[in-house]
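If you read the sequence shown in the working numbering, its first letter stands for residue 226, the second for the next number, and so on.
The beta carbon of each residue, even a glycine, is placed where N, CA and C say it ideally should be.
None of the values given here were measured: they were computed from a predicted structure.
The structure appears below as structure tokens.
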Amino acid sequence: MEGLSERAYAARSGLSRGAVQKARKTGRLVLYPDGSINAAASDARRAEMTDPDQQHRSAGGVGSGDTAGTVSGPGDSASYLKARTALTVYQAQERQLAIQRKKGALVDRARAETLVFRLARLERDVWITWPTRVAALMAAQLSADMETASGTPVTIETAILQRVLETHVREQLDALADLRVSLE
Numbered sequence: 226m227e228g229l230s231e232r233a234y235a236a237r238s239g240l241s242r243g244a245v246q247k248a249r250k251t252g253r254l255v256l257y258p259d260g261s262i263n264a265a266a267s268d269a270r271r272a273e274m275t276d277p278d279q280q281h282r283s284a285g286g287v288g289s290g291d292t293a294g295t296v297s298g299p300g301d302s303a304s305y306l307k308a309r310t311a312l313t314v315y316q317a318q319e320r321q322l323a324i325q326r327k328k329g330a331l332v333d334r335a336r337a338e339t340l341v342f343r344l345a346r347l348e349r350d351v352w353i354t355w356p357t358r359v360a361a362l363m364a365a366q367l368s369a370d371m372e373t374a375s376g377t378p379v380t381i382e383t384a385i386l387q388r389v390l391e392t393h394v395r396e397q398l399d400a401l402a403d404l405r406v407s408l409e
């Protein structure tokens with residue numbers, strides 16, 4: 226037998242025999258033709274293929290706060306731990322957003338923008354038709370008020386008053402069109 230048995234390699238590397246068997250099945254061990262384990266090559270392959278966090282835990286580093294020297298292998302375990310921390314923070318933020326959506330504290334931005342646009346369009350449509358609806362009433366009321374004040378019958382043309390009102394309403398709507406809603 227050229228190399229080590231599973232039991233001998235487990236004792237040498239500080240792993241359980243089950244972990245060695247699992248590493249053999251997943252191809253993380255280098256084997257000699259007789260089936261024995263090439264210890265040096267297997268250590269190197271395991272270091273390349275094993276998650277640094279798993280290596281840290283198997284070395285008894287959970288909660289120790291010291292990552293230097295406890296993780297074997299060429300990978301930078303500090304960057305891995307930073308990435309894992311960032312992922313955990315991101316997942317927590319996602320959960321908080323989901324809870325806020327369920328509570329009704331958050332709304333869909335696209336839906337809110339669509340609703341604001343519809344509301345502005347409805348408001349604009351009401352103002353555009355307003356001169357047509359009120360021009361005759363305003364002309365009659367102004368004519369009556371001027372006749373009462375002067376004692377002379379006065380007629381105000383509805384069409385002229387409507388054109389004047391439409392001009393001023395459109396100017397106001399053009400000024401309002403420059404306003405932009407920002408939901409940021």
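**Message:** I'd like to check one pair, Ser368 with Val379: are the Cβ atoms closer than 8 Å?
**Reply:** Taking the first residue of the sequence shown as 1, we reach residue 379 at position 154. Taking the first residue of the sequence shown as 1, we reach residue 368 at position 143. Against a cut-off of 8 Å, the Cβ pair of Ser368 and Val379 comes out as a contact.
**Cβ-based neighbour list, Leu229, same chain, cut-off 7 Å, excluding 5 preceding and 5 following** = The residue you call residue 229 lines up with position 4 of the sequence shown. So the list reads Arg237, Ser261, Ile262, Ala264, once near-sequence residues are dropped.
**Asked** Under three-state DSSP, which class holds Leu386?
**Response** If you number the sequence shown from 1, residue 386 lands on position 161. Reduced to three states, the DSSP call for Leu386 is helix.
**Message:** Given this structure, state the Cα-to-Cα distance separating Ala337 from Arg346, to the nearest angstrom.
**Reply:** Within the sequence shown, residue 337 is the residue found at index 112, counting from 1. Within the sequence shown, residue 346 is the residue found at index 121, counting from 1. Roughly 14 Å separates the two Cα atoms.
**Request:** Could you spell out the range, first to last residue, of the alpha helix (DSSP H) harbouring Thr275?
**Result:** What you label residue 275 is simply residue 50 of the sequence shown in a count that begins at 1. No alpha helix (DSSP H) contains Thr275, which DSSP labels as neither H nor E.
**Message:** Are the CB atoms of Glu391 and Ala364 within a distance shorter than 8 Å?
**Reply:** As a first step, residue 364 is located in the sequence shown; it is residue number 139 there, counting from the start. As a first step, residue 391 is located in the sequence shown; it is residue number 166 there, counting from the start. Not in contact: Ala364 and Glu391 (Cβ atoms no closer than 8 Å).
**Message:** Closest to Lys247 by C-alpha separation, out of Glu231, Asp259, Tyr257, would be which residue?
**Reply:** On the sequence shown, residue 247 is found 22 positions in, with the first residue counted as 1. Ranking Glu231, Asp259, Tyr257 by Cα distance to Lys247 puts Glu231 first.
**Prompt:** Who are the Cβ neighbours of Arg242 in its own chain at under 8 Å, not counting the five residues just before and after it?
**Reply:** Reading the sequence shown from its first residue, position 17 is the one you call residue 242. Only Glu231, Arg232, Ala235 meet the Cβ criterion.
**For Val389 and Trp355, believed in contact at Cβ under 8 Å, the rounded distance** = Indexing the sequence shown from 1 puts residue 355 at position 130. Indexing the sequence shown from 1 puts residue 389 at position 164. About 13 Å separates the two Cβ atoms, so there is no contact after all.
**Item:** 7 Å Cβ shell around Met226 - same chain, five flanking residues per side excluded
**Value:** Here residue 226 refers to the residue found at position 1 of the sequence shown. Answer for Met226: Asp259, Ser261, listed in chain order.
**Asked** What distance in whole Å lies between the Cβ atoms of Thr357 and Gln387, which are believed to be in contact at a cut-off of 8 Å?
**Response** Here the question's residue 387 lines up with position 162 in the sequence shown. Here the question's residue 357 lines up with position 132 in the sequence shown. That pair is a contact at about 6 Å.
**Asked** By DSSP, does Leu180 sit in helix, in strand, or in coil?
**Response** This structure cannot settle anything about residue 180, because the visible part of the chain is limited to 226 through 409.
**Prompt:** Between which two residues does the alpha helix (DSSP H) containing Ala330 stretch?
**Reply:** Position 105 of the sequence shown holds residue 330. Element bounds for Ala330: n/a, residue is neither H nor E.
**Asked** So, are the CB atoms of Arg271 and Arg249 less than 8 Å apart?
**Response** Locating residue 271 in the sequence shown gives position 46, counting from the first residue. Locating residue 249 in the sequence shown gives position 24, counting from the first residue. Against a cut-off of 8 Å, the Cβ pair of Arg249 and Arg271 comes out as no contact.
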